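Accompanying notes for the structure given below.
Written out as structure tokens, the structure reads:
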């Protein structure tokens, strides 16, 4: 029987049970800042937190002296994280996966950083792709020599390689959780899939999966890569060399980009439809691409075939340059399901124009409408919109 | 055919509670004693006062009732846990002492719900906890994850 009801004196095992009921990283950090016993009886790094709701990582001009701005959808707050590694103009972000940003530098370094923990991990550089045959820092404007599948060689500048060689990078798991993680890269121009395991010095192509290059995700120990027409290459990289099998669905027609997403129960194909739009502002016409529709399909292994879905139910999808993600709205108070949150991840042309617009927002499957995110009103014009926003999942480990 | 055996529990302030054995064994601690056959007299519970024991028994009885729907149980739990934090504290320690995992989990979830969405200062106010960090320690904690404390 307690006389004082001193919550700071609660036995550690009870504090531990209480803290395991917290699902939000913010709450966990606040818990550990209440008093010294609460702090000492809980691990610095929570291992059991579920996947957090993504933040939108904002471009440099929306950030400030405090660091890079991250927008929180639920409470409309802006969080600032100091990220000098990502703000260097010689660098470009080419992936956001499991809480890590993957960054490619002109140098030609590729590395990953966890913005929450600030831990960085190097990946093999751009020069270590099998089709990059030479790198000469002194051949200004033609530093890289690349060989195409047909055997021809061509040169590329530092900037060109940085901006257009890699389309997307996805990792199987956070390096802090799994030192044996695998990184997978989709190469932009050639449609190759390349991978490396942690500790290896070079990237390896998955020859059988070439052209399955629209999107790639990882779950249950395998990488799934999707072709423009919807077929899937399933890559088992656990052994010494890749083993690829295929899910051959009937050819999907139409659409401009494909994404693969795994919900709790299903594998989904999401097709994004773009239209050309004329953006007139500041006495200048810019031709930009705008998303007009998403169509969602679920994989029916009996076939196999893609079956159209009219509703995502409680699911929210987050698509873009990030590793495609599905979450349940009921796990996040304040969120609504049956929506696709998307960012601009496809067209350099949208950034060549001086006053280009960001194509991002959320698509409502209920009525096919597209709404802007509150931090990005539609038709807003802002200078210096680089880099484009990306979904980022805060991950403390 | 089950025998309705009555157990006597004696709290720290001397009060005695008579309870069906079938209900009382929700406490793993009491269950162990029953199995070890040392319950001929009243079972002493020096770590639980009568006020708290009354509430625990109220919970046990409701959760042993027949014909109660899940929704009704949820409603009961909600009302049951709508108490001042000092009552919750006594309940939590009692449930832990009695080793009733289900009740411990339910109370811990309630405590977590009272923590969600609050700043550290608001949490301290909620539970009347003293801030025992030095200003230097507080600053260090803030710096580690400045974004969470803005």
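Residue numbers (our numbering), protein chains in the order written: chain A, 3 to 399; chain B, 56 to 205.
Ideal Cβ placement from N, Cα and C applies to all residues, glycine included.
Predicted model only: the values in this text are computed from it and were never measured.
Residues of chain B with CB closer than 8 Å to the CB of residue 9 of chain A, please, in chain order. Working through the first chain from its first residue, we reach residue 9 of chain A at position 7. Simply 140, 144, 182, 183, 184.
With 8 Å as the C-beta to C-beta threshold (strictly closer), list the residues of the region 116-132 of chain B near chain A in chain order. none
Closer than 8 Å, CB to CB, is residue 99 of chain B near chain A or not? The residue labelled residue 99 of chain B in the question sits at position 44 within the second chain. Chain A, which has no Cβ nearer than 8 Å to the Cβ of residue 99 of chain B, makes this no.
Using beta carbons (cut-off 8 Å, strictly below), is residue 29 of chain A in contact with chain B? The sequence position of residue 29 of chain A within the first chain is 27, counting from 1. Interface residue, yes.
Using the DSSP secondary-structure output, state which residues sit across from residue 226 of chain A in a beta bridge. Residue mapping note: residue 226 of chain A aligns to position 224 of the first chain, counting from 1. DSSP lists A:219, A:236 as partners of residue 226 of chain A.
Contact set for residue 71 of chain B: own chain, Cβ-Cβ below 8 Å, skip 5 residues either direction: One-based indexing of the second chain puts residue 71 of chain B at position 16. Excluding residues within five positions, the ones whose Cβ falls inside 8 Å are 63, 64, 65, 97.
Let me check understanding here. Comparing Cα to Cα, which of B:95, B:99, B:73 lies closest to residue 84 of chain B? By 1-based counting over the second chain, the position of residue 84 of chain B is 29. Comparing Cα-Cα distances from residue 84 of chain B to each of B:95, B:99, B:73, the minimum goes to B:99.
By the criterion of Cβ-Cβ separation under 7 Å, what are the contact partners of residue 147 of chain B in chain A? Looking up residue 147 of chain B in the second chain gives position 92. By Cβ distance, chain A contributes 16.
Using a Cβ-based criterion (distance less than 7 Å to any ligand heavy atom), does residue 34 of chain A qualify as near the ligand SAH? Ligands in the displayed structure: none, and consequently the ligand SAH is not present.
If I follow the unbroken beta strand (DSSP E) through residue 328 of chain A, where does it start and stop? Reading the first chain from its first residue, position 326 is the one you call residue 328 of chain A. Here the beta strand (DSSP E) through residue 328 of chain A covers 327-330.
Beta-carbon proximity of residue 121 of chain A to residue 112 of chain A, cut-off 8 Å: Within the first chain, numbered from 1, the residue matching residue 121 of chain A stands at position 119. Within the first chain, numbered from 1, the residue matching residue 112 of chain A stands at position 110. No, these two residues do not count as a Cβ contact at 8 Å.
Determine the chain A residues that contact residue 205 of chain B at a beta-carbon separation under 9 Å, and present them in chain order. If you number the second chain from 1, residue 205 of chain B lands on position 150. Those within 9 Å of residue 205 of chain B in chain A are 68, 79, 80, 81, 82.
List in chain order: all unbroken beta strand (DSSP E) runs of 3+ residues lying wholly within the region 64-101 of chain A. 70-74, 80-83, 93-99
Classification of residue 56 of chain B by the beta-carbon crowding that lies within 10 angstroms, buried from 16 upward: Reading the second chain from its first residue, position 1 is the one you call residue 56 of chain B. Here residue 56 of chain B scores only 44 on pLDDT, less than 50, and its place in the model is too uncertain to base an answer on.
Residues near residue 170 of chain B in its chain [Cβ-Cβ closer than 7 Å; skip 5 each side]: Within the second chain, numbered from 1, the residue matching residue 170 of chain B stands at position 115. Same-chain partners within the cutoff: 178.
With 16 as the cutoff for other CB atoms within 10 Å, does residue 164 of chain A come out buried or exposed? Taking the first chain and counting its residues from 1, the one referred to as residue 164 of chain A is at position 162. Burial call: buried.
Helix, strand or coil for residue 115 of chain B per DSSP? Position 60 of the second chain holds residue 115 of chain B. It is helical.
Let me see if you follow: with CB-CB separation under 8 Å, is residue 109 of chain B close to chain A or not? The residue you call residue 109 of chain B lines up with position 54 of the second chain. Judged by the 8 Å Cβ criterion, residue 109 of chain B is not in contact with chain A.
Counting Cβ pairs closer than 8 Å, one from the region 289-305 of chain A and one from the region 366-378 of chain A, do we hit at least three? yes
Report the partner residues of residue 425 of chain A according to the DSSP bridge assignment. Since the first residue shown for chain A is 3 and the last is 399, residue 425 of chain A is missing from the structure and cannot be characterised.
Against residue 24 of chain A, what residues of chain B qualify as contacts under a CB-to-CB distance less than 9 Å, listed in chain order? By one-based count along the first chain, residue 24 of chain A stands at place 22. Correct list: 167, 170, 171.
Length of the line joining the Cα atoms of residue 358 of chain A and residue 60 of chain A: Residue 358 of chain A sits at position 356 when you count from the first residue of the first chain. Residue 60 of chain A sits at position 58 when you count from the first residue of the first chain. Residue placement at residue 358 of chain A cannot be trusted, given a pLDDT of 48 that sits under 50; what the coordinates show is reported in the next sentence. Rounded to whole angstroms, residue 358 of chain A to residue 60 of chain A spans 16 Å at the Cα level.
Tell me, to the nearest whole angstrom, how far the beta carbon of residue 399 of chain A is from that of residue 47 of chain A; I am working on the premise that it is less than 8 Å. Sequence index remark: in the first chain, residue 399 of chain A carries index 397 (1-based). Sequence index remark: in the first chain, residue 47 of chain A carries index 45 (1-based). Yes, residue 399 of chain A and residue 47 of chain A are in contact; Cβ-Cβ is about 5 Å, under 8 Å.
Beta-carbon proximity check, residue 172 of chain A vs residue 234 of chain A, cutoff 8 Å: For the purposes of this step, residue 172 of chain A is taken as residue 170 along the first chain, with counting starting at 1. For the purposes of this step, residue 234 of chain A is taken as residue 232 along the first chain, with counting starting at 1. Their beta carbons are not under 8 Å apart, which means residue 172 of chain A does not touch residue 234 of chain A by this criterion.
Check this for me: beta carbons of residue 314 of chain A and residue 202 of chain B, under 8 Å apart or not? For the purposes of this step, residue 314 of chain A is taken as residue 312 along the first chain, with counting starting at 1. For the purposes of this step, residue 202 of chain B is taken as residue 147 along the second chain, with counting starting at 1. Going by C-beta atoms, residue 314 of chain A is not nearer than 8 Å to residue 202 of chain B.
Which runs of the beta strand (DSSP E), 3 residues or longer, sit entirely within the region 149-211 of chain A? 155-158, 168-173, 184-189, 195-199
So what does DSSP say about residue 140 of chain A, is it helix, strand or coil? Residue 140 of chain A sits at position 138 when you count from the first residue of the first chain. If DSSP states are grouped into helix, strand and coil, residue 140 of chain A belongs with coil.
Drop a sphere of 10 angstroms on the beta-carbon of residue 74 of chain B, count the other beta-carbons inside from all chains shown, and report buried for 16 or more, exposed for fewer. Residue 74 of chain B sits at position 19 when you count from the first residue of the second chain. Label assigned to residue 74 of chain B: buried.
Partner residues on chain A for residue 187 of chain B, Cβ-Cβ distance less than 7 Å: As a working note, residue 187 of chain B is residue 132 in the second chain. Correct list: 37, 38.
Paired residues, beta bridge with residue 317 of chain A - DSSP: Here residue 317 of chain A corresponds to residue number 315 of the first chain, with the count starting at 1. Per DSSP, A:330.
Spatial neighbours of residue 151 of chain B within its chain, please: CB distance less than 6 Å, with the 5 preceding and 5 following residues excluded, ordered by chain position. Counting from one through the second chain, the residue named residue 151 of chain B turns up at place 96. Around residue 151 of chain B: 159.
Please classify residue 104 of chain A: does DSSP put it in a helix, a strand, or coil? Here residue 104 of chain A is taken as the residue at index 102 of the first chain, counted from 1. Note: residue 104 of chain A maps to strand in three-state DSSP.
Do we get a CB-CB distance below 8 Å when we pair residue 196 of chain B with the residues of chain A? On the second chain, residue 196 of chain B is found 141 positions in, with the first residue counted as 1. True, the Cβ-Cβ gap to chain A drops below 8 Å.
Helix, strand or coil for residue 292 of chain A per DSSP? Counted from its first residue, the first chain places residue 292 of chain A at position 290. Of the three classes helix, strand and coil, the one that applies to residue 292 of chain A here is strand, per DSSP.
Looking at residue 145 of chain A: is its Cβ nearer than 8 Å to the Cβ of residue 115 of chain A? Taking the first chain and counting its residues from 1, one reaches residue 145 of chain A at position 143. Taking the first chain and counting its residues from 1, one reaches residue 115 of chain A at position 113. No, they are not a contact pair.
Whole-angstrom Cβ separation of residue 329 of chain A and residue 53 of chain A, contact assumed at under 8 Å? Here residue 329 of chain A is taken as the residue at index 327 of the first chain, counted from 1. Here residue 53 of chain A is taken as the residue at index 51 of the first chain, counted from 1. That pair is a contact at about 7 Å.
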